[in-house]
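In UniProt numbering, the protein residues as written are 1 to 175.
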């Protein structure tokens, strides 16, 4: 039977539709068996010993003894900046929980290998040296400071992940 054409018209079949028969034999359960299984698994999960959801990070994460970029304290950094140097100093402000900082750490290691005797690259953990990071106006991570050995030149500050080629250009041309 076809109804008049309206925005809500539809086709009604003349024969009733037959029920769909399943070709694969599926097991059927009654409601009580499903409910009892769910309640048993819920009760057993509540009685299991509590799990630690967040593991504690290993000490010295991303800082091994054979890495060229070493972690320094605020006092050591201040001594380096005030002392006599004949190579540029690159200070990386990072945190162990910061994903972009981990990416930058890999690039800084490659840079440290490349500029082994022509630049000094050090790291400062902002969680350990919070006051120093605040005094250095570190707002985002990772933050790099490029400090020239020439005291008349200004330091260059970058925030966020920067390409390794940009770091090379800063060291070669601006330091």
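Note that CB positions come from ideal geometry on N, CA and C, so glycine has one too. Since this is a predicted model, take the numbers as computed values, not measurements.
Could you have a look at residue i and say whether DSSP puts it in helix, strand or coil?
i	result
residue 71	strand
residue 130	helix
residue 157	strand
residue 136	coil
residue 162	coil
residue 61	With a pLDDT of only 48 at residue 61, under 50, the local geometry of the prediction cannot be trusted, and the value read off the model is given with reservation. Residue 61 falls in the coil class under three-state DSSP.
Any idea which residues DSSP pairs residue i with across the strands?
i	result
residue 123	71 and 92
residue 152	DSSP lists no partner for residue 152.
residue 85	In the DSSP output, where bridge partners are listed per residue, residue 85 has none listed.
residue 114	In the DSSP output, where bridge partners are listed per residue, residue 114 has none listed.
residue 147	89
Quick check: the Cα distance between residue i and residue j, rounded to an integer number of angstroms?
i	j	result
residue 69	residue 164	15 angstroms
residue 61	residue 175	The predicted position of residue 61 is uncertain, since its pLDDT is 48 and thus under 50; a value taken from the coordinates is nonetheless stated next. About 31 angstroms.
residue 182	residue 81	With the chain represented from 1 up to 175, any question about residue 182 goes unanswered, as that position is not in the structure.
residue 79	residue 133	16 angstroms
residue 173	residue 160	21 angstroms
residue 124	residue 152	24 angstroms
residue 102	residue 93	11 angstroms
residue 136	residue 67	25 angstroms
Return yes when the Cβ of residue j is within less than 7 angstroms of the Cβ of residue i, no when it is not.
i	j	result
residue 74	residue 141	no
residue 108	residue 121	yes
residue 166	residue 111	no
residue 119	residue 100	no
Kindly examine the ligand MN and report whether one of its heavy atoms sits closer than 6 angstroms to the Cβ of residue i.
i	result
residue 154	Of ligands this structure carries none, so the ligand MN is not represented either.
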